[in-house]
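Offset between the sequence shown (1-based) and this note's numbering: plus 26. No residue lacks a Cβ here, since even glycine has one placed at the ideal position from N, Cα and C.
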Amino acid sequence: MKTRYACPLCLKEKVFVRYINSETNEYLDTNVGKCNREVNCGYHYSPKQYFLTNNISFNKTFLTNRSSQNFLPSKKNIDYIHTDIFKNSLCDYQSNNFIKYLISLFGIDITNKITSKYFIGTSELWHGSTIFWQIDSEYKIRTGKVMLYNCHTGKREKKPINYISWIHKTLRQSKFDLKQCLFGEHLLRSDTDQINNLPIALVESEKTAVIASAYLPQFLWLAVGGLNNLTVEKCSILKGRSITLFPDLNAFEQWQNQIKKLSHFAFFQVSDLLEHKATEDERQNGLDLADYLIRFDFKKFTLNESKSAI
Numbered sequence: 027m028k029t030r031y032a033c034p035l036c037l038k039e040k041v042f043v044r045y046i047n048s049e050t051n052e053y054l055d056t057n058v059g060k061c062n063r064e065v066n067c068g069y070h071y072s073p074k075q076y077f078l079t080n081n082i083s084f085n086k087t088f089l090t091n092r093s094s095q096n097f098l099p100s101k102k103n104i105d106y107i108h109t110d111i112f113k114n115s116l117c118d119y120q121s122n123n124f125i126k127y128l129i130s131l132f133g134i135d136i137t138n139k140i141t142s143k144y145f146i147g148t149s150e151l152w153h154g155s156t157i158f159w160q161i162d163s164e165y166k167i168r169t170g171k172v173m174l175y176n177c178h179t180g181k182r183e184k185k186p187i188n189y190i191s192w193i194h195k196t197l198r199q200s201k202f203d204l205k206q207c208l209f210g211e212h213l214l215r216s217d218t219d220q221i222n223n224l225p226i227a228l229v230e231s232e233k234t235a236v237i238a239s240a241y242l243p244q245f246l247w248l249a250v251g252g253l254n255n256l257t258v259e260k261c262s263i264l265k266g267r268s269i270t271l272f273p274d275l276n277a278f279e280q281w282q283n284q285i286k287k288l289s290h291f292a293f294f295q296v297s298d299l300l301e302h303k304a305t306e307d308e309r310q311n312g313l314d315l316a317d318y319l320i321r322f323d324f325k326k327f328t329l330n331e332s333k334s335a336i
């Protein structure tokens, strides 16, 4: 069954999710739905707006109840990736494009430390692809995100297909109960005060967290894995900690608003570094912190420089 369509605003294919009438199990009008390109498009025509515009009556109480149910935290079993699958990925780094790129930035010694710290793996799904494992605070492996990078530019390969997948999908199990966690969450469980006392830095992408951890080791770098993944469920593990958010460009306002929902259990602040540094072209291209940091020669990038930059 087709689940994604062309967006009526940006016209991109396979990015538009339509709404279904839960009583009839049929789609509403073709333009009622949401584009998943939140930053570059942002189109969202909700069922409520559609009903009001077309003077169609609807049961507000029913909709409110359904909405409330949808946002209740689900109590379910969680499936995990077997440790053998995880261990077997911690090799073949000479063919891992992302590791090659890290070596070009930091050299072999620093790259080895980063790779071990975040348990970066190598996938056989596509030659040269990387696995970013999601390991929770109990060292249980929730899943792994598989991506293919260009070893020279460090950019993600998107042609002829969008090279992104998940380890739990490659298992071909009939059912896998997934509950994602923060990338790098396992680092929160440390026996040393030096790590436990580090302020936390939170970014969107795994790649950014890995690169920033080398440039700015005075933070403990974690990633939520996407623009809309800054949620109470994912961030509740950070209770009582001090967290600085480094959103990608064009996401500053969204994350600034989101922390209002998180501030009851931890201290959150949003860095405006990129907002002040970026040009208009960089805004259009969605610059992230890693794009900014790699402009500096790592060997010359001192702690004092990093503090003044931030």
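For ARG309, the enclosing alpha helix (DSSP H) stretches over residues 306-310. When the beta-carbon positions are compared, TYR31 and GLY68 stay at least 9 angstroms from each other. Secondary structure of GLU64 (DSSP, three-state): coil. Listed in chain order, the alpha helix (DSSP H) elements of length 4 or more contained wholly in the stretch 216-257 are 219-222, 232-241. When secondary structure is reduced to three states using DSSP, HIS70 falls in the strand class. At a Cβ-Cβ threshold of 9 angstroms, LEU275 and GLY251 do not count as neighbours. Setting aside the 5 residues that flank it on each side, LEU151 is surrounded in the same chain by VAL172, SER191, THR196, each with a C-beta closer than 8 angstroms to its C-beta; the list follows chain order.
For GLY170, there is no enclosing alpha helix (DSSP H); the residue is found in the beta strand (DSSP E) stretching over 167-173. Taking the Cβ atoms as the reference, ILE167 lies roughly 5 angstroms from PHE112, within the contact range of under 8 angstroms. Beta-bridge partners assigned by DSSP to ASN47: GLU52.
Residue nearest to LEU288 within the set TYR241, ASN47, SER297, CYS261 is CYS261 (criterion: CA-CA distance). Taken through DSSP and simplified to helix, strand or coil, LEU271 comes out as strand.
Residue state for GLY133 is assigned as helix, using DSSP reduced to three classes.
Between THR234 and LEU315 the beta-carbon gap is near 5 angstroms, inside 8 angstroms, which marks them as a contact. Looking at the DSSP output, THR148 shares a beta bridge with THR156. Here ASN188 is exposed: its Cβ has fewer than 16 other Cβ atoms, across all protein chains shown, within 10 Å. By the Cβ test, the stretch 115-122 is in contact with the stretch 134-148, since at least three Cβ pairs between them sit closer than 8 angstroms. Taking each of ASP55, ARG63, ASN62 in turn and checking the Cα distance to PRO73, the smallest one comes out for ASP55. For ILE190, the enclosing beta strand (DSSP E) covers residues 190-192. In the assembly as shown, PRO186 is an exposed residue. Its beta-carbon has fewer than 16 other beta-carbons within 10 Å.
Annotation for PHE294: the continuous beta strand (DSSP E) segment containing it runs 293-296. Nearest C-alpha to LEU319 among SER239, ASN255, PHE293, LEU271: SER239. When the five nearest sequence neighbours on each side are left out, the beta carbons in the same chain lying within less than 7 angstroms of the beta carbon of ASN176 are those of ASN123, GLU183, in order along the chain.
Put simply, the backbone Cα of SER149 is about 13 angstroms away from that of HIS194.
Boundaries of the alpha helix (DSSP H) harbouring GLU279: 278-284, taken from the DSSP string. Where ASN114 is concerned, the enclosing alpha helix (DSSP H) starts and stops at 109-114.
Between LEU128 and the set PHE145, GLY180, LEU214, the nearest pair of CA atoms involves GLY180. Looking at ILE269, LEU37, PHE202, the one whose alpha-carbon comes closest to that of ALA227 is ILE269.
Within the same chain, Cβ atoms closer than 7 angstroms to the Cβ of PHE278 are found at VAL296, ASP298, GLU301, the five residues on either side in sequence being excluded. Between TRP159 and SER200, the C-beta gap is not smaller than 9 angstroms, which leaves the two residues out of contact.
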